[in-house]
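Asker: Sequence lines, in order, name chains A and B.
Position 26, counted from 1, in the first sequence is what the numbering used here calls 23; the numbers after and before it change by one each time, with no gaps.
Take any residue in the second sequence, note its place counting from 1, add 290, and you have its number in the numbering used here.
Starting off with a structure, shown below.
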Amino acid sequence: GENVEQHPSTLSVQEGDSAVIKCTYSDSASNYFPWYKQELGKRPQLIIDIRSNVGEKKDQRIAVTLNKTAKHFSLHITETQPEDSAVYFCAATQGGSEKLVFGKGTKLTVNP
Amino acid sequence: DAEITQSPRHKITETGRQVTLACHQTWNHNNMFWYRQDLGHGLRLIHYSYGVQDTNKGEVSDGYSVSRSNTEDLPLTLESAASSQTSVYFCASSGGVGELFFGEGSRLTVL
């Protein structure tokens, strides 16, 4: 089955710096790659996603890149703010199915 | 507005008891999922359903069961609760390959 590895597990940055979180997946048939943000005590919420026919997608300060050949995708957050502090999860569909396999998460701390 | 709700939000039970966590969605989504979240393990899939009368095992299904009698509900049952099942449980739904909408979570403690 699909295996999703996520790094780093914790990341601490200064306000205004950029943050990058990387994920690799094992199933070459995976075709959808979302990123979720989970604030403390809250539910995970989608922040950005990318499909396998696209290499990069941006939404204001966040962007996701996908390298299908290398089977990895990354989340980039620019001009970080304290409210970006949360746990971020990457995920990938298992093969051509509609179920998601999640990475173990990255705890991002943005220091003022 | 469409939503997905879980109940109870918090439950404490004893080892060996049967527990049922409810999940109800008004998105009219065919796909529903149950995940458990534990520190260091992220979100792991327990069971999922692609429609009425359809249920499938996820990666950590032992000790859990689900049933899907209508589109809106996917209750998760722990037949005989164990301390290892102490966790936060999230129900989620989707309309296909796309955004997964999560419920608020149910925190279960098994003593």
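Here a beta-carbon is modelled for each residue, glycine too, at the ideal position from N, C-alpha and C.
Predicted, not measured: the structure shown is a model, and the values here were computed from it.
1) Count the other C-beta atoms from every protein chain shown that fall within 10 angstroms of the C-beta of threonine 316(B), then say buried if there are 16 or more, exposed otherwise.
2) If you draw a straight line from the C-alpha of threonine 75(A) to the C-alpha of lysine 55(A), how long is it?
3) For the region 40 to 71 of chain A, list every residue whose C-beta sits within 9 Å of some C-beta in chain B, in sequence order.
4) Give the residues of chain B in contact with phenylalanine 30(A), contact being defined as C-beta atoms less than 7 Å apart.
5) Determine, for histidine 331(B), whether the minimum Cβ-Cβ distance to residues of chain A falls below 8 Å.
6) Am I right that tyrosine 33(A) and lysine 68(A) are in contact with their C-beta atoms under 8 Å? What's the rounded C-beta distance?
7) Going by C-alpha distance, which of Glu12(A), Glu2(A), Val1(A), Leu8(A) is nearest proline 109(A)?
8) Which same chain residues end up closer than 6 Å to serine 370(B) when comparing Cβ atoms and leaving out the 5 residues on each side of it in sequence?
9) Enumerate in chain order the residues of its own chain whose CB-to-CB distance from arginine 299(B) is below 8 Å, with the five nearest sequence positions on each side excluded.
10) To the nearest angstrom, how far is the alpha carbon of alanine 83(A) from that of arginine 40(A)?
11) Scan the region 79 to 96 of chain A for residues whose Cβ lies nearer than 7 Å to a Cβ of chain B and list them as they occur along the chain.
12) When you compare the CB positions of glycine 332(B) and glycine 102(A), do they come within less than 8 Å of one another, or not?
13) Taking all protein chains shown into account, do 16 or more other C-beta atoms lie within 10 angstroms of the C-beta of asparagine 318(B), making it buried, or fewer, making it exposed?
14) Helix, strand or coil for aspartate 81(A) per DSSP?
15) Identify the contact partners of lysine 101(A) in chain B, using a Cβ-Cβ distance below 8 Å as the criterion.
16) Measure from the alpha carbon of phenylalanine 30(A) to the alpha carbon of each residue in Ser6(A), Asn0(A), Ala16(A), then state which is nearest.
17) Which runs of the beta strand (DSSP E), 3 residues or longer, sit entirely within the region 360 to 396 of chain B?
18) Once the 5 residues before and after alanine 112(A) are set aside, which same chain residues still bring their CB inside 6 Å of it?
Answerer: To lay it out plainly:
1) exposed
2) 11 Å
3) Arg40, Pro41, Gln42, Leu43, Asp46, Arg48
4) In chain order: nothing, as chain B lies at least about 11 Å away.
5) yes
6) Not a contact, Cβ separation roughly 20 Å.
7) Glu12(A)
8) Gly306
9) Glu394, Gly395, Ser396, Arg397
10) 11 Å
11) Phe86, Thr90, Glu95, Lys96
12) yes
13) exposed
14) helix
15) Gly330, His331, Gly332
16) Asn0(A)
17) 366 to 368, 377 to 384
18) This structure leaves residue 112(A) out entirely; chain A is present only between -2 and 109.
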